[in-house]
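S.K.: Let me begin by handing over the structure; questions about it come next.
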Amino acid sequence: MHQKELINDVLINKKFFALAIDQGTSLKEIINQKKNNFKDEDYFFFKKNIIEILGSNLSAVLFDFDTYEKHEKFKNLNIPKIIAYEDDAYNIDNVERITKLPTNKSIDKTIDDFKAIKFFMYYNPDSPQEINNKKNILIKKIGKMCLNLNKPFLFEPLLYNDPLTKNSNEEYNKKKHEYIKYFYSEFSKPDYNVSIIKIEFPFNESILDDYNNVNTISYCEEILLNTFGKTMKPFVFLSAGMKFSNFYKSMSISMKLNINCLGFLCGRSLWQDSIDIFCNQSNTEFIKWLENQGLERVEKLKSTLDL
Numbered sequence: 023m024h025q026k027e028l029i030n031d032v033l034i035n036k037k038f039f040a041l042a043i044d045q046g047t048s049l050k051e052i053i054n055q056k057k058n059n060f061k062d063e064d065y066f067f068f069k070k071n072i073i074e075i076l077g078s079n080l081s082a083v084l085f086d087f088d089t090y091e092k093h094e095k096f097k098n099l100n101i102p103k104i105i106a107y108e109d110d111a112y113n114i115d116n117v118e119r120i121t122k123l124p125t126n127k128s129i130d131k132t133i134d135d136f137k138a139i140k141f142f143m144y145y146n147p148d149s150p151q152e153i154n155n156k157k158n159i160l161i162k163k164i165g166k167m168c169l170n171l172n173k174p175f176l177f178e179p180l181l182y183n184d185p186l187t188k189n190s191n192e193e194y195n196k197k198k199h200e201y202i203k204y205f206y207s208e209f210s211k212p213d214y215n216v217s218i219i220k221i222e223f224p225f226n227e228s229i230l231d232d233y234n235n236v237n238t239i240s241y242c243e244e245i246l247l248n249t250f251g252k253t254m255k256p257f258v259f260l261s262a263g264m265k266f267s268n269f270y271k272s273m274s275i276s277m278k279l280n281i282n283c284l285g286f287l288c289g290r291s292l293w294q295d296s297i298d299i300f301c302n303q304s305n306t307e308f309i310k311w312l313e314n315q316g317l318e319r320v321e322k323l324k325s326t327l328d329l
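Numbered as in the working numbering, the sequence shown ends at 329 without a single skipped number.
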């Protein structure tokens, strides 16, 4: 099958609703700081249960390679798998913010285990053009690799306030919808070979504090339609660490509009509230949370897709 048709392998009923559990050092550090007598096994136990309990109710699971390699059972997991083709997100140059490729070359030997490949890049359209040119070259390289492997390419441009732009936080926040619109326009170009764009909501999370105000919803709808109203390239929303309630509200608003959104790829918004339970209570209480609140969250998000 062609790369474009293979996207269907990570969809159910033409919708994409996937779990992200590819966080590496950052998640390990959080658990290490909160949990007494931390061991590496604790980190993998945490991720394994999230994958097994929440992932089984979703259309795909996004893995980091270290986690995938850790447990043989993941190879036999009856869930479509997506691989994050990158080194640890912590291992990034703090000036240019260019994503490093995997240092563990074993990943290339197992690439056939995965239905799609995901790659992310910190990106600010106002950064020096020399830096963004380097990033564009690397993104195109990964796109070409995916094309040659006949694997769908999920690309995630991750917006950040680049100090080199000298924009204040206020200026940066005001321009967010412009940046997201640029992302969609730029990375829809055929020379990137992107199959699905994994993208943030084009409004700031803080606006959802006034969610019950009809003007707030109208404002969000206007920005969404302005950003995605004429789009052709499939895209999914990422949670970007939003509170679950705000991610759910954002999905609810978005999926009522006539935009070409396939669904969501959700990580921390689904499971970050279980970290304190895992670290400060017991494994039993942690698993109970996943089986109750965790699965309830999954179903709420799926309901925005009419599933």
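Glycine included, C-beta positions come from ideal geometry on N, C-alpha and C.
Quick check on Ile245: buried or exposed, where buried means 16 or more other Cβ atoms within 10 Å of its Cβ?
M.R.: Taking the sequence shown and counting its residues from 1, the one referred to as residue 245 is at position 223. That one is buried.
S.K.: Assign Lys122 to buried or exposed, taking buried as 16 or more other Cβ atoms, counted over all protein chains shown, within 10 Å of its Cβ.
M.R.: The residue labelled residue 122 in the question sits at position 100 within the sequence shown. Classification for Lys122: exposed.
S.K.: For Met143, which residues does DSSP report across the bridge?
M.R.: The residue given as residue 143 occupies position 121 in the sequence shown. Answer by DSSP bridge pairing, in chain order: Pro179.
S.K.: Span of the beta strand (DSSP E) holding Lys188?
M.R.: Counting from one through the sequence shown, the residue named residue 188 turns up at place 166. Counting along the chain, Lys188 falls outside any beta strand (DSSP E), and DSSP gives it neither H nor E.
S.K.: How long is the line joining the alpha carbons of Glu118 and Ile153, rounded to whole angstroms?
M.R.: For the purposes of this step, residue 118 is taken as the residue at position 96 of the sequence shown. For the purposes of this step, residue 153 is taken as the residue at position 131 of the sequence shown. So the two alpha carbons sit approximately 6 Å from each other.
S.K.: Which residue comes first and which comes last in the alpha helix (DSSP H) that contains Gly165?
M.R.: For the purposes of this step, residue 165 is taken as the residue at position 143 of the sequence shown. Counting along the chain, the alpha helix (DSSP H) containing Gly165 begins and ends at Gln151 to Leu171.
S.K.: Is the separation between the beta-carbon of Asp135 and that of Ile101 shorter than 9 Å?
M.R.: The residue given as residue 135 occupies position 113 in the sequence shown. The residue given as residue 101 occupies position 79 in the sequence shown. Not in contact: Asp135 and Ile101 (Cβ atoms no closer than 9 Å).
S.K.: With a cut-off of 8 Å on the beta carbons, I'd call Pro147 and Tyr204 a contact; round off their distance for me.
M.R.: Against the sequence shown, residue 147 aligns to sequence position 125. Against the sequence shown, residue 204 aligns to sequence position 182. Indeed, because the Cβ distance is near 5 Å, the residues count as touching under 8 Å.
S.K.: In whole angstroms, what is the alpha-carbon distance linking Gln87 and Asn235?
M.R.: On the sequence shown, residue 87 is found 65 positions in, with the first residue counted as 1. On the sequence shown, residue 235 is found 213 positions in, with the first residue counted as 1. The question names Gln, yet the displayed sequence has Phe at residue 87. So the alpha carbons of these two residues sit roughly 43 Å apart.
S.K.: Look up Tyr117 in the DSSP assignment and say whether it is helix, strand or coil.
M.R.: On the sequence shown, position 95 is the one that residue 117 refers to. Note that residue 117 corresponds to Val in the displayed sequence, not to Tyr. Three-state result, Val117: coil.
S.K.: Sorted by chain position, which residues of the same chain lie with C-beta nearer than 8 Å to Leu260's C-beta, five sequence neighbours on each side aside?
M.R.: Position 238 of the sequence shown, counting from 1, holds the residue named residue 260. Cβ within range, chain order: Ala42, Glu178, Lys220, Ile221, Glu222, Phe286, Leu287, Cys288 and Gly289.
S.K.: Within 10 angstroms of its Cβ, does Leu284 collect 16 or more other Cβ (buried), or is it exposed?
M.R.: Here the question's residue 284 lines up with position 262 in the sequence shown. When all chains shown are included, Leu284 counts as buried.
S.K.: Closer than 6 Å by C-beta to Ser210: which residues in its own chain qualify, once you throw out the five before and the five after it? Chain order, please.
M.R.: In the sequence shown, residue 210 corresponds to position 188, counting from 1. So the qualifying residues of the chain are Lys255.
S.K.: From what residue to what residue does the alpha helix (DSSP H) around Lys203 run?
M.R.: The residue you call residue 203 lines up with position 181 of the sequence shown. Residues Lys198 to Phe209.
S.K.: I'd like the span of the beta strand (DSSP E) that includes Ile245, first residue to last.
M.R.: For the purposes of this step, residue 245 is taken as residue 223 along the sequence shown, with counting starting at 1. Where Ile245 is concerned, there is no enclosing beta strand (DSSP E), although the alpha helix (DSSP H) it sits in stretches over Val236 to Phe250.
S.K.: Considering Cα atoms alone, identify which of Tyr144, Pro150 and Ser149 is closest to Ile161.
M.R.: Looking up residue 161 in the sequence shown gives position 139. The shortest Cα separation from Ile161 among Tyr144, Pro150 and Ser149 belongs to Tyr144.
S.K.: Tell me, which residues are paired with Val258 by DSSP?
M.R.: Reading the sequence shown from its first residue, position 236 is the one you call residue 258. Per DSSP, Lys220 and Gly285.
S.K.: On the premise that Ala82 lies in contact with Val103, defined as a C-beta separation below 8 Å, what is that separation, rounded to the nearest angstrom?
M.R.: Translated into positions along the sequence shown, residue 103 becomes position 81. Translated into positions along the sequence shown, residue 82 becomes position 60. The sequence shown places Lys at residue 103, not Val. Contact holds; Cβ gap of about 7 Å.
S.K.: Taking the straight line between their C-alpha atoms, what separation do you get for Glu200 and Asn58?
M.R.: Here residue 200 is taken as the residue at index 178 of the sequence shown, counted from 1. Here residue 58 is taken as the residue at index 36 of the sequence shown, counted from 1. Approximately 44 Å, taken between the alpha carbons.
S.K.: Which residues bound the alpha helix (DSSP H) around Leu28?
M.R.: Here residue 28 corresponds to residue number 6 of the sequence shown, with the count starting at 1. Residues Gln25 to Leu28.
S.K.: Taking the CB atoms as reference points, tell me whether Val216 and Phe175 lie closer together than 9 Å.
M.R.: One-based indexing of the sequence shown puts residue 216 at position 194. One-based indexing of the sequence shown puts residue 175 at position 153. Going by C-beta atoms, Val216 is nearer than 9 Å to Phe175.
S.K.: Under 9 Å, do Val320 and Leu76 count as touching if we go by C-beta distance?
M.R.: Sequence index remark: in the sequence shown, residue 320 carries index 298 (1-based). Sequence index remark: in the sequence shown, residue 76 carries index 54 (1-based). Going by C-beta atoms, Val320 is nearer than 9 Å to Leu76.
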